[in-house]
Structure formats: structure tokens, C-alpha cells
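Undergrad:
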Amino acid sequence: MKGIDVYVEEAPQNRGVSILRVSGYVDTTTSPDLERRLQALLHEKRYHVVVDLARVEYISSAGWGIFISEIREIREHGGDLKLAGMAPDVREVFDLLEFENILQSYTDAELAVASFGPIVPANVEAPAPSPSARLLATGLDEHSLQRSESILSDEDLVREIARKHPDYGLMRIQKELRRPELGGREMNPVQLYVLLRKLELDTRERREAFAKGGSSTGSATRG
């Protein structure tokens, strides 16, 4: 069974920054350990976090969901969570999910730490940001942080968007789903990615083939 190791250290060059060193596989079984470590930092009011993924071989949707679910609280407290050292396979999924619109990433942990600049000590309270500032800080709106109760009812709509706009990436598909005339569907990026994978529409090439007359999983006709 593939496992995970997580340990925490203060960045030697900036003691206001915490580094989560992760190694192994981050999946449904192992992700709770990572989540506990990250939440422990937040309980200690350490909101400047670098997650070093240099030794991580795989991250499932459950793992990515941890970063997405915690980023709002972190940024509301004036901090940030930054990823570092992603292996090519991990980076490929990060790019596919278009998480660069939400999370900053760096080639190594040292660069990620340096990007924070001087950090205010954790025991100094920062002024509470305004609601509008909170939304700007997260890089998401209120709806994109909500969880969809069911993704099954959205399958046909996602297929239709892929058929009409095969060039749309994950974030543009998410935006299209929110349109009132389409029912104002809500899915966070991880949920949408899982659905696209289920439908075999998770790459532009697959969406383009589908738009040209191919079929996706669950369609009546298979190509």
C-alpha cells in the first residue's frame, strides 16, 4: 500500500513561513493526514504556508480538494498557500485543472518562501478584510467555493458545453455552468474535473473529438 509522509518546519530564511514537506501518494486514503497537518497550522494562526511537493508522485482529487477548501480561510487572514516542486505528472494535472488561477506555484520551496517577503508575526492581529477584499483574495466568487450536491444531473449540460465549445478549459466550462439561463449550476474545479474525467472529456483533444462526432462515457453510442 502506498503511503504518505508529512512533516512541518519553519522556513530558516523566514520563520514566519511554515513548510509542509510531503512525500508519497496523496489519495483518498492518505489525504486526511495532510489535511490534519494543514489544519493544525491554521489553528496555530500560521497562515503563510508552502507545500513542498517535490517528493509527491501522485495527487488525487481528494488531495487537490484540501488546498482548494483551505485557501479561502488562509487568505481571509492575510496569508497564502503556495505549492512548490511539483513533479511533471503532478504538474500536468495542476495545469489541466487550471489551478494557476487559484494557487501560486514555484519550482522549489526556497523560491516559494522568498515570494512571501517579510512576514508579520503570527501573534499580531491583521485588520479584518472587507467582504469584497475576501472574494478578491480567494480568486474565486462565493458560488465557486460551494460544493455541488450532485454532479450526475450536470452530465448532459457538460457534454453540451463541450460539444459547442471544445476549446473551453476547465475554468471557462465552470463559468458557463453558472449562467442563469443554464440553471446556475455550481461546481468547484475539483468536482468539475472529476466529472470531465468520468465523461472522458478531461482534455482538449477529447473534447474536440467529441465535438466532431465522437462520444463520451455514458453516451448512447460508443465510438
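So the sequence shown is numbered by this note's numbering: it starts at 779 and just counts up by one.
Glycine included, C-beta positions come from ideal geometry on N, C-alpha and C.
Keep in mind that this is a model prediction, so the values were computed, not measured.
(1) Return yes when the Cβ of residue 851 is within less than 8 Å of the Cβ of residue 812, no when it is not.
(2) Quick check: residue 804 and residue 834, are their CB atoms within less than 8 Å of each other?
(3) What number of angstroms, rounded off, separates the C-alpha of residue 917 from the C-alpha of residue 879?
(4) Check this for me: beta carbons of residue 883 and residue 862, under 8 Å apart or not?
(5) Cutting at 7 Å between CB atoms, please list the residues of its own chain near residue 990, excluding the five before and the five after it.
(6) Is it buried or exposed for residue 817, if we count other Cβ within 10 angstroms and need 16 for buried?
(7) Go ahead and pull the three-state DSSP assignment for residue 946.
(8) According to DSSP, what are the bridge partners of residue 780?
(9) Can you grab the Cα-Cα spacing for the pair residue 934 / residue 956, in whole Å?
(10) For the alpha helix (DSSP H) containing residue 969, name the first residue and the last one.
(11) Pairs of beta-carbons, one from the segment 943 to 962 and one from the segment 972 to 992, closer than 8 Å: are there three or more?
(12) Since residue 785 sits in a beta bridge, which residues does DSSP pair it with?
(13) Alpha carbon to alpha carbon, what distance is there between residue 844 and residue 951?
(14) What number of angstroms, rounded off, separates the C-alpha of residue 972 from the C-alpha of residue 793?
(15) First and last residue of the beta strand (DSSP E) that includes residue 882?
(16) May I ask you to report which of helix, strand or coil DSSP gives residue 860?
(17) Do you know how far the Cα of residue 978 is from the Cα of residue 941?
(18) Can you tell me where the alpha helix (DSSP H) with residue 875 in it begins and where it stops?
(19) How many angstroms separate the CA atom of residue 1009 from the CA atom of residue 953?
(20) Where does residue 844 sit, in a helix, a strand or coil, going by DSSP?
(21) Between which two residues does the beta strand (DSSP E) holding residue 813 run?
TA: Looking at the coordinates:
(1) no
(2) Residue 804 places its beta carbon less than 8 Å from that of residue 834.
(3) Summary for residue 917: the model assigns pLDDT 47, below 50, so the residue's position carries little reliability; its value from the coordinates is reported in the next sentence. Taking the straight line from one Cα to the other gives about 7 Å.
(4) A contact, by the Cβ cut-off of 8 Å.
(5) Closer than 7 Å at the Cβ level, and outside the excluded window around residue 990, lies no residue.
(6) Using a 10 angstroms sphere on the CB of residue 817, the tally of other CB atoms stays under 16, which defines it as exposed.
(7) coil
(8) According to DSSP, which records beta bridges pairwise, residue 780 is partnered with nothing at all.
(9) 15 Å
(10) 967 to 976
(11) Judged by pairs of C-beta atoms under 8 Å, the segment 943 to 962 touches the segment 972 to 992, as three or more such pairs exist.
(12) 799
(13) So the two alpha carbons sit approximately 22 Å from each other.
(14) If I take the Cα positions, the gap works out to 37 Å.
(15) 882 to 884
(16) strand
(17) 13 Å
(18) Here residue 875 belongs to no alpha helix (DSSP H), and DSSP marks it neither H nor E.
(19) In the structure displayed, the chain extends from 779 to 1001; residue 1009 sits before or after that span and is not available.
(20) helix
(21) That residue, residue 813, is in no beta strand (DSSP E); its alpha helix (DSSP H) goes 809 to 821.
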